[in-house]
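For reference, the structure is listed below as structure tokens.
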Amino acid sequence: MEFKTLDDLKKYLTFLKKHRRHPKDYVFGIELEGALVDKQGEPLNAKQVIPRLNEIHQNYEFSEEAGACQIEIKSYPREFSTEALREKEEYLIDVINDIVDIAEKIHKKEVVFLLTGSNPHPKVLSDKWITDSERAKKMAQWRSKFPPIPVADMLIKPQHIASAIQSIHVHINGKNPDDVVSKYNRLLYMSPELIALSANSPIIGGKLVDYAEARLLLYEMADGGKGGFPDLKKYPKNILEYAEYLFSKEKIIATTLSEIVKERHEDIRIQFELPFRVENRVCAVQAAVRENLALIEYIIGRLKYAQRWGRQQLPSLREIEINRIEAIKNSMRGRFVWNGKSISTQEYLRECIEKAEKGIRYFYDHPRYLHILKTRVERKKTSADIIRNWYKKMEGETEEEKIARLVNKIWKHTLKNKPLL
Numbered sequence: 005m006e007f008k009t010l011d012d013l014k015k016y017l018t019f020l021k022k023h024r025r026h027p028k029d030y031v032f033g034i035e036l037e038g039a040l041v042d043k044q045g046e047p048l049n050a051k052q053v054i055p056r057l058n059e060i061h062q063n064y065e066f067s068e069e070a071g072a073c074q075i076e077i078k079s080y081p082r083e084f085s086t087e088a089l090r091e092k093e094e095y096l097i098d099v100i101n102d103i104v105d106i107a108e109k110i111h112k113k114e115v116v117f118l119l120t121g122s123n124p125h126p127k128v129l130s131d132k133w134i135t136d137s138e139r140a141k142k143m144a145q146w147r148s149k150f151p152p153i154p155v156a157d158m159l160i161k162p163q164h165i166a167s168a169i170q171s172i173h174v175h176i177n178g179k180n181p182d183d184v185v186s187k188y189n190r191l192l193y194m195s196p197e198l199i200a201l202s203a204n205s206p207i208i209g210g211k212l213v214d215y216a217e218a219r220l221l222l223y224e225m226a227d228g229g230k231g232g233f234p235d236l237k238k239y240p241k242n243i244l245e246y247a248e249y250l251f252s253k254e255k256i257i258a259t260t261l262s263e264i265v266k267e268r269h270e271d272i273r274i275q276f277e278l279p280f281r282v283e284n285r286v287c288a289v290q291a292a293v294r295e296n297l298a299l300i301e302y303i304i305g306r307l308k309y310a311q312r313w314g315r316q317q318l319p320s321l322r323e324i325e326i327n328r329i330e331a332i333k334n335s336m337r338g339r340f341v342w343n344g345k346s347i348s349t350q351e352y353l354r355e356c357i358e359k360a361e362k363g364i365r366y367f368y369d370h371p372r373y374l375h376i377l378k379t380r381v382e383r384k385k386t387s388a389d390i391i392r393n394w395y396k397k398m399e400g401e402t403e404e405e406k407i408a409r410l411v412n413k414i415w416k417h418t419l420k421n422k423p424l425l
């Protein structure tokens with residue numbers, strides 16, 4: 005069902021009240037984005053790989069992304085349990101191996117499926133690597149009207165940013181439209197902690213960037229400031245208020261609510277496909293499958309805690325936005341301010357992980373992956389720190405040599421499913 009006007013949505017909500025439906029709560033799905041590159045880190049076209057993957061895999065769907073070298077892996081919805089996460093771990097490892105096997109047969113060379121928040125190779129920053137689809141081309145054309153983005157000593161065209169960044173998204177169903185809005189509002193104030201935990205985009209175009217997690221900021225600038233943290237004046241009280249917010253914004257090619265949502269690359273979104281669900285988009289993709297599942301486990305556990313035991317008084321949107329920028333700049337080495345009180349990000353994240361553990365136990369389950377994030381918090385480091393240090397130590401090598409070595413070091417961790425720290 006598509007909602008082209010607010011009245012369409014109102015009619016559907018009236019229908020729901022008369023014919024109550026009870027979808028299961030915390031049914032979740034994931035979207036994981038990676039880049040197809042060769043052993044030198046140079047991008048490879050994924051167009052022929054994607055249909056082959058869809059032929060052989062039944063439980064996942066594969067699609068193009070903004071960049072012609074990118075592949076999006078999308079899982080079908082499943083009721084949450086840590087056993088479901090374990091099964092996804094095994095399946096994703098098989099999927100990654102299949103991606104590489106198929107791509108090597110097509111491209112006749114060794115291939116890497118690169119899982120990092122930003123593609124380090126400068127060649128991807130080119131019109132050549134914009135996906136050959138109507139939507140990708142129109143989005144690129146729209147972005148081209150914005151000014152170039154300064155990174156280190158270079159300027160990047162805004163239409164090239166989307167081809168160079170990869171994320172992991174999690175979709176979570178709610179019990180009803182009001183519950184979906186409740187989840188949305190709570191995920192909004194969780195966004196700074198999620199950015200701090202998942203930072204993994206320290207290099208783009210062969211250059212080290214100043215921020216701990218540059219991906220979000222780059223995407224926001226590429227969209228002329230229209231992405232990133234939602235431009236809300238207040239928390240939406242219900243799904244109609246959220247829809248009103250969307251309809252009030254500039255549209256590029258969208259004509260329905262679902263399409264407007266897709267055009268706005270915001271940290272958190274409500275998806276209007278049925279059943280309604282919330283989507284978290286702030287996390288950079290991680291090198292090891294286990295690391296990505298740790299983030300999913302954290303998001304679901306933390307959200308469950310927030311809905312079950314969390315504060316009734318939500319923090320101000322301005323405070324969330326300030327803490328979001330702090331997380332982008334400094335990750336775990338910064339300080340958050342909540343309710344006017346300053347707290348070290350590390351201390352705050354320790355408390356949050358305890359809450360996530362309690363949330364997972366509410367599902368009559370035990371955390372399986374959260375220890376990976378605990379290690380990050382205790383060591384005050386993220387994947388971005390590890391990759392940055394690797395790159396800095398490659399002194400005396402050319403940019404091409406450094407990128408090739410870096411890509412292969414990351415790939416070893418992906419193949420072994422071994423966290424970077």
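Residues in the sequence shown are numbered consecutively from 5, following my numbering.
We treat Cβ as the ideally placed atom computed from N, Cα and C, and that holds for glycine.
| message | Using CA atoms only, rank isn't needed, just tell me which of Glu277, Ile34 and Ile257 is closest to arginine 268. | response | Looking up residue 268 in the sequence shown gives position 264. Ranking the options by Cα distance to arginine 268, first place goes to Ile257.
| request: May I have the straight-line CA-CA distance separating glycine 121 from arginine 365, to the nearest angstrom? | output: As a working mapping, residue 121 is identified with position 117 in the sequence shown. As a working mapping, residue 365 is identified with position 361 in the sequence shown. Cα-Cα distance, rounded: 30 Å.
| task | Below 7 Å CB to CB, which residues in the same chain sit around alanine 200 once its five sequence neighbours on both sides are set aside? | result | Against the sequence shown, residue 200 aligns to sequence position 196. Cβ neighbours of alanine 200 beyond the five flanking positions: Ala331, Ser335, Met336, Thr349 and Leu353.
| message | From the DSSP secondary-structure annotation, give me the bridge partner or partners of isoleucine 347. | response | Residue numbering aside, residue 347 sits at position 343 when the sequence shown is read from its first letter. Isoleucine 347 pairs with Phe340.
| said: Nearest by alpha-carbon distance to alanine 144: which of Ser202, Lys109 and Ala168 is it? | reply: If you number the sequence shown from 1, residue 144 lands on position 140. With distances taken between Cα atoms, alanine 144 lies closest to Ala168.
| query | Do isoleucine 77 and valine 174 have their C-beta atoms closer together than 8 Å? | reply | The sequence position of residue 77 within the sequence shown is 73, counting from 1. The sequence position of residue 174 within the sequence shown is 170, counting from 1. Cβ distance not < 8 Å, so isoleucine 77 and valine 174 don't count as in contact.
| message | With a threshold of 8 Å on Cβ separation, who are the neighbours of aspartate 42 within its own chain once the five nearest residues in sequence on each side are excluded? | response | Locating residue 42 in the sequence shown gives position 38, counting from the first residue. Closer than 8 Å at the Cβ level, and outside the excluded window around aspartate 42, lie Leu48, His111, Lys113, Glu114, Val115 and Val116.
| Burial state of phenylalanine 19 (16 or more Cβ within 10 Å) | Translated into the one-based positions of the sequence shown, residue 19 becomes position 15. Phenylalanine 19 comes out exposed.
| task | Using the Cα positions of glutamine 163 and lysine 384, report the straight-line distance between them to the nearest angstrom. | result | On the sequence shown, position 159 is the one that residue 163 refers to. On the sequence shown, position 380 is the one that residue 384 refers to. Rounded to whole angstroms, glutamine 163 to lysine 384 spans 34 Å at the Cα level.
| request: Determine the direct distance from the alpha carbon of alanine 216 to that of lysine 396, and round the result to whole angstroms. | output: Taking the sequence shown and counting its residues from 1, the one referred to as residue 396 is at position 392. Taking the sequence shown and counting its residues from 1, the one referred to as residue 216 is at position 212. Each residue's Cα considered, the two are about 15 Å apart.
| Is the region 294-312 touching the region 372-380 in the sense that three or more CB pairs, one from each, lie closer than 8 Å? | yes
| field | Identity of the residues DSSP links to arginine 273 by a beta bridge | value | Numbered from its first residue, the sequence shown carries residue 273 at position 269. Arginine 273 pairs with Glu283.
| query | How many Å lie between lysine 413 and tyrosine 239 at the Cα? | reply | As a position in the sequence shown, residue 413 is number 409, starting the count at 1. As a position in the sequence shown, residue 239 is number 235, starting the count at 1. Computed Cα separation, rounded: 43 Å.
| Beta-carbon proximity check, glutamate 69 vs glutamate 37, cutoff 8 Å | Locating residue 69 in the sequence shown gives position 65, where the first residue counts as 1. Locating residue 37 in the sequence shown gives position 33, where the first residue counts as 1. Yes, Cβ-Cβ distance for glutamate 69 and glutamate 37 is below 8 Å.
| Beta carbon of isoleucine 261 nearer than 8 Å to that of phenylalanine 7 | For this step, residue 261 is matched to residue 257 along the sequence shown. For this step, residue 7 is matched to residue 3 along the sequence shown. Sequence inspection shows leucine at residue 261; the isoleucine mentioned does not correspond to that position. It is a contact, given that the beta carbons lie within the stated cut-off.
| Residue from Glu46, Gln170 and Glu197 with nearest C-alpha to proline 206 | On the sequence shown, residue 206 is found 202 positions in, with the first residue counted as 1. The residue with the shortest Cα to Cα distance from proline 206 is Gln170.
| request: Return yes when the Cβ of proline 151 is within less than 8 Å of the Cβ of leucine 17, no when it is not. | output: Taking the first residue of the sequence shown as 1, we reach residue 17 at position 13. Taking the first residue of the sequence shown as 1, we reach residue 151 at position 147. Their beta carbons are not under 8 Å apart, which means leucine 17 does not touch proline 151 by this criterion.
| Close Cβ partners of aspartate 157 (< 8 Å) along its chain, the five nearest in sequence each way excluded | By one-based count along the sequence shown, residue 157 stands at place 153. Cβ within range, chain order: Lys211.
| request: Might you give, ordered along the chain, the residues of its own chain that have their beta carbon closer than 6 Å to the beta carbon of tryptophan 415, omitting 5 neighbours on each side? | output: In the sequence shown, counting from the first residue as 1, residue 415 sits at position 411. Taking tryptophan 415 as the centre and dropping the five residues before and after it, the same chain places the C-beta of Val116 closer than 6 Å to its C-beta, in chain order.
| query | Looking only at DSSP bridge pairs, what is leucine 159 linked to? | reply | Along the sequence shown, read from residue 1 onward, the residue named residue 159 stands at position 155. Leucine 159 pairs with Pro154.
| said: Please tell me whether arginine 281 and asparagine 421 are closer than 8 Å, where the distance is taken between their beta carbons. | reply: As a first step, residue 281 is located in the sequence shown; it is residue number 277 there, counting from the start. As a first step, residue 421 is located in the sequence shown; it is residue number 417 there, counting from the start. For arginine 281 and asparagine 421, no; Cβs fall outside 8 Å.
| message | Our contact map puts threonine 386 next to alanine 203 with C-beta atoms below 8 Å; I'd like the distance itself, whole angstroms only. | response | Indexing the sequence shown from 1 puts residue 386 at position 382. Indexing the sequence shown from 1 puts residue 203 at position 199. Rounded, the Cβ-Cβ distance is 4 Å, consistent with contact.
| said: Here's the rule I'm using: 16 or more other beta-carbon atoms within 10 Å means buried, otherwise exposed. How should serine 346 be labelled? | reply: Locating residue 346 in the sequence shown gives position 342, where the first residue counts as 1. Exposed: under 16 other Cβ atoms inside 10 Å.
| query | For phenylalanine 66 versus isoleucine 304, is the C-beta distance shorter than 8 Å? | reply | Within the sequence shown, numbered from 1, the residue matching residue 66 stands at position 62. Within the sequence shown, numbered from 1, the residue matching residue 304 stands at position 300. No, the pair does not count as a contact, with Cβ atoms beyond the cut-off.
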